[in-house]
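Trainee:
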Amino acid sequence: MSDQHRRPRSSGKPYRRPKKDPVRILAFEALRAVDERDAYANLVLPPLLRKARQKEGPEKFDARDAALATELVYGTLRRQGTYDAVLSACVDRPLGDVDPPVLDVLSLGAHQLLGTRIPTHAAVSATVELARVVLGDGRAKFVNAVLRKVAQHDLDGWLERVAPPYDEDPEDHLAVVHSHPRWVVSALWDSLGGGRAGIEELLRADNERPEVTLVARPGRATAEELLGEDAAVPGRWSPYAVRLAEGGEPGAVEAVRDGRAGVQDEGSQLVAIALAGVPLDGPDRRWLDGCAGPGGKAALLGALAAERGALLVASEKQTHRAGLVTRALEGNPGPYQVIVADGTRPAWRPGSFDRVLVDVPCTGLGALRRRPEARWRRRPEDLEGFAPLQRGLLRTALESVRVGGVVGYATCSPHLAETRAVVADVLKQYPDTDLVDARPLLPGVPDLGEGPDVQLWPHLHGTDAMYLALIRRTG
Numbered sequence: 121m122s123d124q125h126r127r128p129r130s131s132g133k134p135y136r137r138p139k140k141d142p143v144r145i146l147a148f149e150a151l152r153a154v155d156e157r158d159a160y161a162n163l164v165l166p167p168l169l170r171k172a173r174q175k176e177g178p179e180k181f182d183a184r185d186a187a188l189a190t191e192l193v194y195g196t197l198r199r200q201g202t203y204d205a206v207l208s209a210c211v212d213r214p215l216g217d218v219d220p221p222v223l224d225v226l227s228l229g230a231h232q233l234l235g236t237r238i239p240t241h242a243a244v245s246a247t248v249e250l251a252r253v254v255l256g257d258g259r260a261k262f263v264n265a266v267l268r269k270v271a272q273h274d275l276d277g278w279l280e281r282v283a284p285p286y287d288e289d290p291e292d293h294l295a296v297v298h299s300h301p302r303w304v305v306s307a308l309w310d311s312l313g314g315g316r317a318g319i320e321e322l323l324r325a326d327n328e329r330p331e332v333t334l335v336a337r338p339g340r341a342t343a344e345e346l347l348g349e350d351a352a353v354p355g356r357w358s359p360y361a362v363r364l365a366e367g368g369e370p371g372a373v374e375a376v377r378d379g380r381a382g383v384q385d386e387g388s389q390l391v392a393i394a395l396a397g398v399p400l401d402g403p404d405r406r407w408l409d410g411c412a413g414p415g416g417k418a419a420l421l422g423a424l425a426a427e428r429g430a431l432l433v434a435s436e437k438q439t440h441r442a443g444l445v446t447r448a449l450e451g452n453p454g455p456y457q458v459i460v461a462d463g464t465r466p467a468w469r470p471g472s473f474d475r476v477l478v479d480v481p482c483t484g485l486g487a488l489r490r491r492p493e494a495r496w497r498r499r500p501e502d503l504e505g506f507a508p509l510q511r512g513l514l515r516t517a518l519e520s521v522r523v524g525g526v527v528g529y530a531t532c533s534p535h536l537a538e539t540r541a542v543v544a545d546v547l548k549q550y551p552d553t554d555l556v557d558a559r560p561l562l563p564g565v566p567d568l569g570e571g572p573d574v575q576l577w578p579h580l581h582g583t584d585a586m587y588l589a590l591i592r593r594t595g
């Protein structure tokens, strides 16, 4: 073959195949699922990690691999707002014009540079290699150029450059520094009250990785049994709670595998405990969980009801979630019934129950530690969508409880529009009701405010920001 028909040789370096890094590839896949499918990382990541642990050869994950992948995913999602501000200063176009997969790779790189102890050269080179694998060589060059700019300052240095001064715009300053949308900062500040110290402590707590908390379901398991697990310590407030050390795997606990215990935030446990602890005059035979899915509170309520010989009716509107409730209640030591029903259109007669819990659908702003991506998906207008449902469920609950019985209105949001505003509006229509002081029903729990309702906080109680109002029907 003549020279003129030969493929010309490259004058640059010889082509090198990119090195595949299974940990960073998995983290990238998880972020893409969160972005493309509106999935939640706490649902996407566990099956990806299980699959990686089951592989053979160099792609098989060990505990350190799983821990790094988890940190990369959750750390990137929690600090997304901060990293977007930094990347905006390093990219010569609006971030909205950057392809989402490229932005995910850049965010992963920014987190390694600014949010971990990974050395700078390793963070840049590993992310560029990831870009070569998942994006191609051309876009990997863009990633390399941007990350080298990011690497010029540490996190504090960048915050001085991209966050407005607190004195000029407190909410925007906190939004950038602590990676929360501005409207969420404003709402949390209103709910919390007080000055700068409290809101900063709360926002910092939202960005910390939460502990895994187990619940020992009464009559089926005990906290003492769970404390026999490696590195398990007692819960702070609930007598049924046990906390696992970082890296603790609930699936490795026999009682969890058997359904005798479950994973449940301590704030959620306290809601059930408080409702069960309200003194009643008269019968105490029928309890209702009016929004039972996915079943955590129903399982604890069912066990507490069984101790008194009471029946728990667990109602859930969605069939697949009712299946989860059934699974959570299997083996309950007392009678229970799971039904598929709309909580705003009750399938039971008025006044049928002695105790009723409605843990209403909400924005989930109280669980941002566990679902960090929720802060970026929610919008202020979502509150208007939830409002009619929240009020309707509380009205039904009040009509479903007998005179002298008690209703617990709970929500995993501290937003005043989802908590006190709902209760105040509905009780105007039901004058024959009294608010029960919930604070004495949570003995030992500090910083519960002026009552009678209770708002828990991540930075004060180590729980999700659960809200609870207890209401007695008096006529």
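Taking our numbering, the leading residue of the sequence shown gets 121, the next gets one more, and so forth.
Even for Gly, the Cβ is constructed at its ideal location relative to N, Cα and C.
Just so it is clear, the structure is predicted and the values come from calculations on it, not from any experiment.
Which complete alpha helix (DSSP H) runs does the segment 133-179 hold, if anything under 4 residues is left out?
Mentor: 142-157, 161-174
Trainee: Smallest Cα separation from A361: which of A172, A317, P403, L420?
Mentor: L420
Trainee: For S599, count the other beta carbons within 10 Å of its own beta carbon; 16 or more makes it buried, fewer makes it exposed. Which is it?
Mentor: Given a span of 121 to 595 for the chain in the structure shown, any question on residue 599 remains unanswerable.
Trainee: CA-CA distance, P221 and R152?
Mentor: 7 Å
Trainee: Can you give me the Cβ contacts of P492 inside the same chain, cut-off strictly under 7 Å, excluding the 5 residues immediately before and after it?
Mentor: Counting only residues of its own chain and dropping the five nearest sequence neighbours on each side, P492 has a CB closer than 7 Å to the CB of Y194, L197, R198.
Trainee: Report yes or no: do the segment 431-443 and the segment 482-492 share at least 3 C-beta pairs separated by less than 8 Å?
Mentor: no
Trainee: My understanding is that H579 touches L390, with C-beta atoms under 8 Å, so please give their C-beta distance in whole angstroms.
Mentor: Between L390 and H579 the Cβ distance is about 16 Å, and since that is not below 8 Å, they are no contact.
Trainee: With a 10 Å radius around its C-beta and 16 neighbouring C-beta atoms as the bar for buried, classify P470 as buried or exposed.
Mentor: exposed
Trainee: Can you list, in chain order, the residues of its chain whose CB lies under 8 Å from that of S130, leaving out five sequence neighbours each side?
Mentor: Because S130 sits at a pLDDT of 44, beneath the cut-off of 50, its placement in the model cannot be relied upon, and the following sentence gives the value as read from the coordinates. Closer than 8 Å at Cβ, skipping near neighbours: no residue.
Trainee: Can you tell which of L334, E538, A260 has the C-alpha that lies nearest to the C-alpha of R377?
Mentor: L334
Trainee: For P354, which residues does DSSP report across the bridge?
Mentor: V362
Trainee: Is it the case that the Cβ atoms of A448 and A418 are separated by a distance below 8 Å?
Mentor: yes
Trainee: Ignoring anything shorter than 4 residues, give me the alpha helix (DSSP H) runs that lie fully in the segment 176-232, in order along the chain.
Mentor: Considered as a whole, the segment 176-232 harbours 183-198, 200-210 as its complete alpha helix (DSSP H) runs of no fewer than 4 residues, in chain order.
Trainee: Just to confirm the assignment, what range does the alpha helix (DSSP H) spanning V458 have?
Mentor: Here V458 belongs to no alpha helix (DSSP H); instead the beta strand (DSSP E) covers 456-460.
Trainee: Give, in chain order, every unbroken run of the beta strand (DSSP E) that is at least 3 residues long and sits entirely within the segment 505-577.
Mentor: You should have 521-531, 553-556.
Trainee: By Cβ distance below 7 Å, which residues in the same chain neighbour D310 in space, the five residues on each side in sequence not counted?
Mentor: Correct list, in chain order: L536.
Trainee: Between the segment 518-534 and the segment 387-402, are three or more C-beta pairs nearer than 8 Å?
Mentor: yes
Trainee: In terms of alpha-carbon separation, which member of P500, E570, Q272 lies closest to A243?
Mentor: Q272
Trainee: Taking a contact to mean a Cβ-Cβ separation below 8 Å, would you say E191 touches T247 in this structure?
Mentor: no
Trainee: Just the Cα atoms here: how many angstroms apart are R497 and P453?
Mentor: In this structure, the straight-line span from the alpha carbon of R497 to that of P453 is close to 40 Å.
Trainee: Going by C-alpha to C-alpha distance, which of G564, P563, A558, I591 sits closest to Q575?
Mentor: A558
Trainee: Indicate whether V253 and K140 have their beta-carbon atoms separated by less than 8 Å.
Mentor: yes
Trainee: Is the beta carbon of A183 less than 8 Å from the beta carbon of L165?
Mentor: no
Trainee: If the criterion is Cβ atoms closer than 8 Å, does the pair E328 and R356 meet it?
Mentor: no
Trainee: For the beta strand (DSSP E) containing A585, list its first residue and its last residue.
Mentor: Per DSSP, A585 belongs to no beta strand (DSSP E) and is neither H nor E.
Trainee: Under a Cβ-count criterion, where at least 16 other Cβ atoms within 10 Å of its own Cβ denotes burial, should H298 be classed as buried or exposed?
Mentor: buried
Trainee: What separation, rounded to the nearest whole angstrom, lies between the Cα atoms of A372 and G313?
Mentor: 41 Å
Trainee: Going by DSSP, what residue range makes up the beta strand (DSSP E) through L334?
Mentor: 332-336
Trainee: Need the endpoints of the alpha helix (DSSP H) that A317 sits in, please.
Mentor: 316-326
Trainee: By a C-beta neighbour count over all protein chains shown, 10 Å radius and 16 as the cutoff for buried, is R428 buried or exposed?
Mentor: Within 10 angstroms of the beta-carbon of R428 lie fewer than 16 other beta-carbons, which makes it exposed.
Trainee: Give every residue of the same chain whose Cβ lies closer than 7 Å to the Cβ of I459, excluding the five residues on either side of it in the sequence, and list them in chain order.
Mentor: Excluding positions up to five away in sequence, the list reads V433, S435, A467.
Trainee: Report the three-state DSSP secondary structure of A434 (helix, strand or coil).
Mentor: Annotated three-state conformation of A434 is strand, per DSSP.
Trainee: Kindly indicate which residue of R302, I238, R157, R324 has the alpha-carbon position closest to the one of L188.
Mentor: Measuring from the Cα of L188, the nearest candidate turns out to be I238.
Trainee: Pick out whichever of R157, R380, D409 has its Cα sitting closest to the Cα of V478.
Mentor: Out of R157, R380, D409, D409 has the C-alpha closest to the C-alpha of V478.
Trainee: On the DSSP letters alone, give me the boundaries of the beta strand (DSSP E) that D479 sits inside.
Mentor: 473-479
Trainee: Using only the alpha-carbon positions, how far apart do L250 and A392 sit?
Mentor: 46 Å
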